[in-house]
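Under our numbering, the very last position in the sequence shown is 226; numbers go up by exactly one each time.
Below is one structure, written out as structure tokens, with a few remarks after it.
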Amino acid sequence: MPIPEPGEADLLRRLAEPWLAGETITALAAVGHLLQDKYKVRGLDDAGAPVPSSRVERVLDAITDDGVSGYVTVRGEHPSYLAVAVYRAAGESRAWLVITSRRLAVLRLRDMTDSSEENRRLLADAQQERSVSGVLRGVGKLVRNSATSFAANLRRPPLPERPVDAVLECAFEVDRGALAAVVSWKPPMQPSLGKHGPRWFELRLADGSLARLETDAAGAEISRG
2 MPIPEPGEAD
12 LLRRLAEPWL
22 AGETITALAA
32 VGHLLQDKYK
42 VRGLDDAGAP
52 VPSSRVERVL
62 DAITDDGVSG
72 YVTVRGEHPS
82 YLAVAVYRAA
92 GESRAWLVIT
102 SRRLAVLRLR
112 DMTDSSEENR
122 RLLADAQQER
132 SVSGVLRGVG
142 KLVRNSATSF
152 AANLRRPPLP
162 ERPVDAVLEC
172 AFEVDRGALA
182 AVVSWKPPMQ
192 PSLGKHGPRW
202 FELRLADGSL
212 ARLETDAAGA
222 EISRG
């Protein structure tokens with residue numbers, strides 16, 4: 002469940018002022034992926050990876066939405082449909098779904114002191130190495146960098162307390178008319194975890210696709226108007 006730090010929503014609102022350009026935020030929710038991703042999109046497998054055209058129909062037939070086999074998190078006729086893009090954008094850290102008077106967007110608060118992106122680069126470099134010694138050197142750099150960044154993160158105040166380190170990025174943006182509806186939703190067989198547990202909602206897009214996202218109790222208000 003996405004758990005925003007205290008003051009994170011206010012920080013986002015302040016940083017978003019230039020992006021808003023006078024528009025009004027009508028809904029705001031911290032969002033993230035569900036525990037189990039399952040795509041029902043022609044041309045993608047259930048994890049969202051491209052599949053050969055000969056397998057497309059079989060994949061579509063295999064993915065259902067019920068309490069026995071699971072649930073669908075993204076549904077659409079083609080990978081270019083909006084639900085695919087918005088769901089992928091919502092998987093970023095510190096992602097927020099924002100609905101304004103004119104736009105639907107996923108904005109991301111990025112901590113410039115966070116070295117997780119550097120760790121991803123080191124991992125990618127290690128994967129490109131062809132020799133065993135090169136792989137070991139790459140993994141060693143990754144382990145050392147991860148340990149250093151973990152220790153630094155423990156000492157660092159929350160991002161809302163050091164706004165100078167925050168950068169706002171737009172991971173997804175379309176015209177408000179692309180949003181058909183936002184409705185509350187609950188995964189099949191999911192027990193209730195109380196008032197502080199996760200909440201879910203379904204974005205229905207005008208192209209007929211849909212994406213289901215997880216949020217917190219405050220973010221659940223987005224499906225109520």
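For every residue, glycine included, the Cβ atom is placed at its ideal position computed from N, Cα and C.
Problem set entry | Beta carbon of Ala-218 nearer than 7 angstroms to that of Arg-200 | Start at 1 with the first residue of the sequence shown, and residue 218 comes out as number 217. Start at 1 with the first residue of the sequence shown, and residue 200 comes out as number 199. A contact, by the Cβ cut-off of 7 angstroms.
Exercise. For Arg-43, which of helix, strand or coil comes out of DSSP?
Worked result: Here residue 43 refers to the residue found at position 42 when the sequence shown is read from its first residue. Arg-43: coil per DSSP, three-state reduction.
Exercise. Nearest CA to the CA of Val-168: which residue from Ala-31, Leu-13, Asp-38?
Worked result: Against the sequence shown, residue 168 aligns to sequence position 167. The option with the nearest alpha carbon to Val-168 is Leu-13.
Exercise. Which one or two residues does DSSP pair with Ala-30 in a beta bridge?
Worked result: Here the question's residue 30 lines up with position 29 in the sequence shown. Per DSSP, Leu-98.
For this session: Could you check the C-alpha separation between Glu-18 and Pro-80 for me, to the nearest Å?
Result: As a first step, residue 18 must be located in the sequence shown, where it is residue number 17. As a first step, residue 80 must be located in the sequence shown, where it is residue number 79. Taking the straight line from one Cα to the other gives about 32 angstroms.
Exercise. Within the chosen definition, does the stretch 102-109 reach the stretch 162-181 through at least 3 CB pairs nearer than 8 angstroms?
Worked result: Contact between the stretch 102-109 and the stretch 162-181 is present, because at least three Cβ pairs lie under 8 angstroms.
Problem set entry | Per-residue burial, Leu-36 [other beta carbons within 10 Å of its own, 16 or more giving buried] | Against the sequence shown, residue 36 aligns to sequence position 35. Leu-36 is exposed by the Cβ-count criterion.
For this session: Find the nearest neighbour of His-34 within the set Gly-220, Thr-216, Val-52, judged by alpha-carbon distance.
Result: Indexing the sequence shown from 1 puts residue 34 at position 33. For His-34, the nearest C-alpha among the options comes from Thr-216.
Problem set entry | Between the CA atoms of Ser-185 and Pro-192 - distance to the nearest angstrom | Residue numbering aside, residue 192 sits at position 191 when the sequence shown is read from its first letter. Residue numbering aside, residue 185 sits at position 184 when the sequence shown is read from its first letter. Cα to Cα, the separation comes out at about 15 angstroms.
For this session: Would you mind sorting Pro-3 into buried or exposed? The rule is 16 or more other CB atoms within 10 Å of its CB.
Result: On the sequence shown, position 2 is the one that residue 3 refers to. Burial call: buried.
For this session: On a CA-only basis, which of Asp-112, His-197, Lys-196 is nearest Pro-229? Give me that one, please.
Result: Residue 229 cannot be examined here, being either before or after the span of the chain that is shown, 2 to 226.
For this session: Taking all protein chains shown into account, decide if Thr-74 is buried (16 or more other Cβ within 10 angstroms of its Cβ) or exposed.
Result: For the purposes of this step, residue 74 is taken as residue 73 along the sequence shown, with counting starting at 1. Here Thr-74 is buried. Its C-beta has 16 or more other C-beta atoms within 10 Å.
Problem set entry | Residue from Lys-196, Ile-26, Arg-43 whose Cα sits closest to the Cα of Ile-223 | For the purposes of this step, residue 223 is taken as residue 222 along the sequence shown, with counting starting at 1. Considering only alpha carbons, the answer is Ile-26.
Problem set entry | Pairwise C-alpha distance: Arg-15 and Arg-59 | In the sequence shown, residue 59 corresponds to position 58, counting from 1. In the sequence shown, residue 15 corresponds to position 14, counting from 1. Residue placement at Arg-59 is flagged as unreliable, the pLDDT there being 46, under the threshold of 50; the coordinate-derived value follows with that caveat. About 47 angstroms.
Exercise. How big is the Cα-Cα spacing for Phe-151 and Pro-164?
Worked result: What you label residue 151 is simply residue 150 of the sequence shown in a count that begins at 1. What you label residue 164 is simply residue 163 of the sequence shown in a count that begins at 1. For Phe-151, the predicted model reports a pLDDT of 48, less than 50, meaning its position is unreliable; a value from the coordinates is still stated below. Phe-151 and Pro-164 have their C-alpha atoms roughly 20 angstroms apart.
For this session: Would you list the one or two residues that DSSP bridges to Trp-201?
Result: Looking up residue 201 in the sequence shown gives position 200. As computed with DSSP, Trp-201 is found in a beta bridge with Glu-215.
Exercise. According to the Cβ coordinates, are Trp-97 and Ala-31 closer than 7 angstroms?
Worked result: The residue you call residue 97 lines up with position 96 of the sequence shown. The residue you call residue 31 lines up with position 30 of the sequence shown. When the beta-carbon positions are compared, Trp-97 and Ala-31 come within less than 7 angstroms of each other.
Exercise. Applying the criterion that 16 or more other CB atoms from any shown protein chain within 10 Å of the CB defines a buried residue, is Asp-11 buried or exposed?
Worked result: Position 10 of the sequence shown, counting from 1, holds the residue named residue 11. Exposed, since its Cβ has fewer than 16 Cβ neighbours within 10 Å.
Exercise. By DSSP, does Arg-59 sit in helix, in strand, or in coil?
Worked result: Working through the sequence shown from its first residue, we reach residue 59 at position 58. With a pLDDT of 46 at Arg-59, under the threshold of 50, the predicted position of this residue should be treated as unreliable, and no value is reported.
Exercise. Just reading off the alpha helix (DSSP H) that Asp-11 is part of, what are its end residues?
Worked result: For this step, residue 11 is matched to residue 10 along the sequence shown. Taken as a continuous stretch (DSSP letters only), the alpha helix (DSSP H) holding Asp-11 covers 9-16.
For this session: Hey, could you find the ends of the beta strand (DSSP E) Arg-76 is sitting in?
Result: Position 75 of the sequence shown, counting from 1, holds the residue named residue 76. For Arg-76, the uninterrupted beta strand (DSSP E) run begins and ends at 75-77, by DSSP.
For this session: Along the beta strand (DSSP E) that carries Ala-182, what are the first and last residues, could you check?
Result: Working through the sequence shown from its first residue, we reach residue 182 at position 181. Where Ala-182 is concerned, the enclosing beta strand (DSSP E) stretches over 180-185.
For this session: Could you give the DSSP three-state label for Glu-162: helix, strand or coil?
Result: As a position in the sequence shown, residue 162 is number 161, starting the count at 1. If DSSP states are grouped into helix, strand and coil, Glu-162 belongs with the helices.
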